[in-house]
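Just below is one structure, and these are the notes that go with it.
Residue numbers (the numbering used here): 367 to 497.
Structure, rendered in structure tokens:
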């Protein structure tokens, strides 16, 4: 297996959290922002690029904006700025890369279409969080 330091443990800064506490902090923020169908997928054993996926559903462009902006702001303040953001709120899918934790925010239609839980769920545990 090829190892590159950017592919694993990409956390930086003194305020950086370990992957699991970071994932739970993200889940707490998503809950505060009333995201729905929040799921935590432990992909660490099946992936060389991250330890966790956090999936959530947003029901409006306003909620998408609030989630993306607040996650970026709160975690940047904690010393964990997003490494990369991909997608557009209008497309129904935004990916926010926090190193070892990657957040996927979907519209209900895109969540149903892409079914990441089915794709990754066959090899990794899925924990669902309800408000």
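We put the CB at the ideal spot given by N, CA and C, even for glycine.
For residue i, which residues from the same chain have a beta carbon less than 8 Å from its beta carbon, with the 5 sequence-adjacent residues on both sides left out?
i	result
residue 386	417 and 418
residue 392	420, 437, 441, 464, 467 and 469
Apply the 10 Å Cβ neighbour rule to residue i and answer buried if 16 or more other Cβ atoms are within range, or exposed otherwise.
i	result
residue 394	exposed
residue 494	exposed
residue 405	buried
residue 426	exposed
Do residue i and residue j have their CB atoms nearer than 9 Å?
i	j	result
residue 422	residue 461	no
residue 464	residue 492	no
residue 467	residue 389	yes
residue 477	residue 403	yes
With a threshold of 6 Å on Cβ separation, who are the neighbours of residue i within its own chain once the five nearest residues in sequence on each side are excluded?
i	result
residue 407	419, 486, 490 and 492
Can you give me the Cβ contacts of residue i inside the same chain, cut-off strictly under 7 Å, excluding the 5 residues immediately before and after it?
i	result
residue 475	458
residue 449	376, 463, 464 and 465
The ligand SAM heavy atoms versus the CB of residue i: any closer than 8 Å?
i	result
residue 404	No copy of the ligand SAM appears in this structure; indeed no ligand is present at all.
Contact between the stretch 425–438 and the stretch 477–490: three or more CB pairs below 8 Å?
no
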